[in-house]
Amino acid sequence: MPEQEQTIYDVVGGEPTFEKLVDVFYERVAADEKLRPMFPEDLEPGKYWQFLFLIQLFGGPSRYAVERGHPRLRMRHAPFPIDVDSRDRWLGHMRAAIEAVGIAEPARSAMMTYFERSAAFMVNADSSVENVMQWQRKYDEA
Ligand code: HEM
Numbered sequence: 225m226p227e228q229e230q231t232i233y234d235v236v237g238g239e240p241t242f243e244k245l246v247d248v249f250y251e252r253v254a255a256d257e258k259l260r261p262m263f264p265e266d267l268e269p270g271k272y273w274q275f276l277f278l279i280q281l282f283g284g285p286s287r288y289a290v291e292r293g294h295p296r297l298r299m300r301h302a303p304f305p306i307d308v309d310s311r312d313r314w315l316g317h318m319r320a321a322i323e324a325v326g327i328a329e330p331a332r333s334a335m336m337t338y339f340e341r342s343a344a345f346m347v348n349a350d351s352s353v354e355n356v357m358q359w360q361r362k363y364d365e366a
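Counting in our numbering, the sequence shown runs from 225 upward without gaps.
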C-alpha cells in the first residue's frame, strides 16, 4: 500500500496552527471598519465554524460536516453585501494571518490559491456597476 499523502493540515501543524490562524484573522476583521459591521456582535460562533471549516478543507477531521453539514458558502454569505473591495480586504486579512502564524511554502501558496479562487464566488454585490452608473449620470447631466 502506498503511504498516504500528507495533508496541508498535517504539514502546517494541525489544530493549534488553525486556531492561531483564525484568531489572527478575526482580530483583523474586528478592526476592519468596512467588514466588522457585516459580522454579528458575537464573533465567537463564526470563529468556531470558520475553524472547523478550515481544518476540514485542508485535510483534517471532517468536524464541520458532522456539526454543521454542507458548507454552502455562497448561500451562507448571501445576506452580506460582499463587493470586490470586501473580498480584497478579506483576502488581505487571511494573507496576513497566514504570514503571522508562520505557514511556510508550499502550504502558504496552496492555501492562498484556494482562498483567492473561492473568494470570487462570495462576491454578490457589484460596486463596479454602481461606479459605471454614477459615471453615466454625470455624463447625462453634462
Ligand atoms: C475564500 C473566501 C471565504 C471563505 C472560505 C469564507 C468562509 C466562511 C465560513 C466557513 C463561514 C462560517 C459559515 C458557517 O456559519 O458555517 C463564514 C462566515 C462569514 N463570512 Fe466568510 N468566507 C469567505 C469570504 C468572505 C468575505 C469576502 C466576506 C466579506 C466580508 C465574508 C464574510 C462572512 C460573514 C459576515 C460571515 C458570518 C459570520 C458569523 O455569522 O459570525 N466571508 N465565512
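Cβ atoms here follow ideal geometry from the backbone N, Cα and C, with glycine treated the same way.
It should be emphasised that the depicted structure is a prediction, and the values quoted were computed from it without experimental measurement.
Quick one: grab the DSSP three-state call for residue i.
i: Q274; result: helix
i: P264; result: coil
i: P330; result: coil
Residue range of the alpha helix (DSSP H) that residue i falls in?
i: L245; result: E239 to A254
i: T231; result: Note, T231: premise wrong, no alpha helix (DSSP H); not H, not E.
i: D309; result: V308 to V325
Comparing C-alpha positions only, which one of the options sits nearest to residue i?
i: E229; options: I306, G283 and D307; result: G283
i: F304; options: P240, N348, V248 and R292; result: N348
i: L278; options: A343, R332, V246 and P264; result: V246
Who are the Cβ neighbours of residue i in its own chain at under 6 Å, not counting the five residues just before and after it?
i: L368; result: Absent from the structure is residue 368, since the part of the chain shown begins at 225 and ends at 366.
i: P269; result: none
Is the Cβ-Cβ distance between residue i and residue j less than 8 Å?
i: M335; j: I327; result: yes
i: A331; j: V248; result: no
i: R180; j: M262; result: With the chain covering 225 to 366 only, the question about residue 180 has no answer from this structure.
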